[in-house]
Amino acid sequence: MEYIEFDIKNDVGYKLSEDLSSKIAIENFSDSIRYNKILHEKDIEKHEKAIKQLIDGQKNELRIECRRINQEGKYEWRRYYLTVNEFDENGKGARAVISSLPINELKRLEDSFSMALKQNNITSWFYLPKTGAISGVQNSVFGVINENVTNIDELYQ
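Here the numbering used here runs 39 ahead of the position in the sequence shown, where the first position is 1.
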C-alpha cells in the first residue's frame, strides 16, 4: 500500500513512508505525473479528470485504476483511492489523501475471465455462491479461475 497526502491548493504531494512516520515532498505534483511519465500515456487523461473533479469540488471520493511505472521501470496496474479531507471556504478540495495498491494479479484474472467468456460466446454470467462456480446464459459453467481461491469474493477483499 502506498500513501500520498495531496495539498491541492499548492499542488504539492507528500509521499508517506510505509509506517506513516515521514514524508517526501513532490513539488508541482499534478504536472510531475504527466511530465515525468509516471503513468501510462493512455491513463493520464483519466487521472487528470479525477484530480480536476477533486479540485473543483465535484467529488469528495474517487477510485480509479491506472498503469504506473514501478521501481523496476515496468508498468504495473494500481488502484487509487482519492479522498478529500479538507475543503476551502468555497467548498472546493484543499487537501486529499491518496492511497494505492498493486492490482496486476486481479487484472490478469479479469482478462482471463473475459477471454473465457468470449471464447464460449457468453454475453452475461452469474456467480453461484454455493458451488463457487460461474455460469453463463448458455449454461456453460466455469470453475473459479485461480485455483487457490475457493470463493471469488476473496478476490475483492
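Backbone N, C-alpha and C define an ideal beta-carbon position, used for all residues, glycine too.
In the three-state reduction of the DSSP assignment, residue 83 falls in the helix class. Annotation: residue 95 to residue 132 spans about 7 Å, alpha carbon to alpha carbon. In the structure shown, the three-state DSSP call for residue 104 is strand. For residue 95, no beta strand (DSSP E) segment is defined, and its DSSP state is neither H nor E. Ranked by Cα distance from residue 68, the options 54, 79, 80 and 61 are led by 54. Within the DSSP secondary-structure output, residue 118 pairs in a beta bridge with 104 and 140. According to DSSP, residue 45 shares a beta bridge with 52 and 135. Around the beta carbon of residue 130, fewer than 16 other beta carbons sit within 10 angstroms, so the residue counts as exposed. Listed in chain order, the non-local C-beta contacts of residue 52 below 6 Å within the same chain comprise 43, 45, 65 and 68, local neighbours out to five positions each way being set aside.
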